[in-house]
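There are 2 protein chains.
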Amino acid sequence: MDDTTALPLDAETKVSERPADHEAELRLWLRLFTCTTLIEGEIRRRLRDTFDVTLPRFDLMAQLDKAPGGMTLGELSKRMMVSNGNVTGLAERLATQGLLERRASPTDRRAQFVSLTPEGRKTFRTMARTHENWIAELFAGLGRDDTEKLMTLLARAKASARKAVTAGEK
Amino acid sequence: MDDTTALPLDAETKVSERPADHEAELRLWLRLFTCTTLIEGEIRRRLRDTFDVTLPRFDLMAQLDKAPGGMTLGELSKRMMVSNGNVTGLAERLATQGLLERRASPTDRRAQFVSLTPEGRKTFRTMARTHENWIAELFAGLGRDDTEKLMTLLARAKASARKAVTAGEK
DNA sequence: CCTATATATTTTAGGCTTAAAGTATTTGCG
DNA sequence: CGCAAATACTTTAAGCCTAAAATATATAGG
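Residue numbers (the numbering used here), protein chains in the order written: chain H, 101 to 270; chain F, 101 to 270.
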């Protein structure tokens, strides 16, 4: 995944002959992807080595930590942006570990609420503190201005992508 | 994954009381991750719906397309930044589809070279053209300046992360 | 009430991914 | 040469993930 290749600077080439030259966007996507992958991989590695937990389980616990009363699997699925079947399995494994508990919804016999057990909450809070420091460490080379500018530009990129995605859903 | 929550603007809080407040970096990571995930998911969906191909297979073919003479599985593994076992399986499935061919290395009986078949190359080139347009479409909302600035900032972020990763490998 | 449709979840089949263990071969060195 | 270590690859076990089908329940309309 090298994204450092020099651009072929063929300003002479007629547009009609290269109607779809989107080199710049392709290179941006490659860089965005490798950058994210690099960080994500390191976080996965550290979570595993330090806490023996996977990133998906950490993410699920993070969602539950923000919702003290718990939530349904469907709600969890929406917030995590993954399929229903996926959260079914993740919740199952976390419940086996004693970190998550399920209870039936009093109003809807199809649904179940899930929430962190006291142990799950304690475990998550510990991990979350360390996790936050790792992220800070990984971004330590960025100044405050860079961070803010990146936030803004990524928001624009996200909005752009979201628009293209929803446009195709009509 | 909402990263739109307002920052708790507690400038009054003493540093000593909140020694590890890395909220900004955490929010940056969340945004970077959701942005990438959004685009990646859409590309996966379109590759599947349009060409009945997975992203990992597309990525592997992209590497081979850049190396006309083929390369070893180990080289492929390094370039794709995935495990050896992973490319073994991917290459196996692509070979079954007739898109990739293997031949023994003349000099090393442990190694094998893989390359695209003529059909594989043709198939990949077709997909790649469309893929490039999709990426351009997803980033269409970004101006040229935004794109360039993002490239620069992501390069900095990548360098920062790389440094933190290698520092832990000593 | 009864039925059609919608919703919440689980199950299934298939593919991706890794770490770790295993196999075959090559290379370096005494 | 002979053998220890390194290398290229495959296999295995476990987990993650999705789309699609299946199950159970809820809701709306006649």
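Each residue gets a CB set at the ideal place from its N, CA and C atoms; glycine is no exception.
All figures in this text were calculated on a predicted structure; none of them were measured in a lab.
{"Item": "List the whole-angstrom C-beta distance separating F:Thr-217 from F:Gly-198, where the pair is believed to meet the contact cut-off of C-beta under 8 Å.", "Value": "6 Å"}
{"Item": "Throw me the rounded Cβ distance for the F:Thr-136 and H:Leu-132 pair, which I believe falls under 8 Å.", "Value": "6 Å"}
{"Item": "Using DSSP with H/G/I as helix, E/B as strand and the rest coil, what is F:Met-181?", "Value": "coil"}
{"Item": "On the three-state DSSP scale, how would you describe H:Thr-266?", "Value": "helix"}
{"Item": "Looking at the structure shown, is F:Thr-252 part of a helix, part of a strand, or coil, going by DSSP?", "Value": "helix"}
{"Item": "Report the neighbours of H:Ala-240 on chain F: residues whose CB is nearer than 7 Å to its CB, in chain order.", "Value": "Ser-260 and Ala-264"}
{"Item": "Should F:Ala-111 be labelled buried (16 or more other beta-carbon atoms within 10 Å of its own) or exposed?", "Value": "Unreliable placement is indicated for F:Ala-111, whose pLDDT of 46 sits below 50; no coordinate value is reported for it."}
{"Item": "Against chain F, with Cβ distances strictly below 8 Å, would H:Leu-160 count as a contact?", "Value": "no"}
{"Item": "Buried or exposed, going by whether 16 or more other CB atoms sit within 10 Å of the CB of F:Ser-205?", "Value": "exposed"}
{"Item": "Within 8 Å (strictly less), CB to CB, does F:Leu-109 reach chain H?", "Value": "Low confidence applies here, because F:Leu-109 scores a pLDDT of 43, under 50, leaving its location unreliable; read the following figure in that light. For F:Leu-109, the answer is no, since every Cβ of chain H falls outside 8 Å of its Cβ."}
{"Item": "Using three-state DSSP, classify F:Gln-197 as helix, strand or coil.", "Value": "coil"}
{"Item": "So F:Leu-250 and H:Leu-126 are supposed to be a Cβ contact under 8 Å. How far apart are they, rounded?", "Value": "In fact, because the Cβ distance is near 13 Å, the residues do not count as touching under 8 Å."}
{"Item": "Go ahead and pull the three-state DSSP assignment for F:Val-187.", "Value": "helix"}
{"Item": "Report the option in F:Asp-246, F:Met-171, F:Thr-266 and F:Lys-263 whose CA atom is closest to the CA atom of F:Asp-208.", "Value": "F:Met-171"}
{"Item": "For H:Leu-155 and H:Val-214, which I take to be in contact (beta-carbon distance under 8 Å), what is that distance rounded to the nearest angstrom?", "Value": "Actually they do not touch by this definition, with Cβ atoms about 18 Å apart."}
{"Item": "How about H:Val-187 and H:Leu-176: are their beta carbons less than 8 Å apart?", "Value": "yes"}
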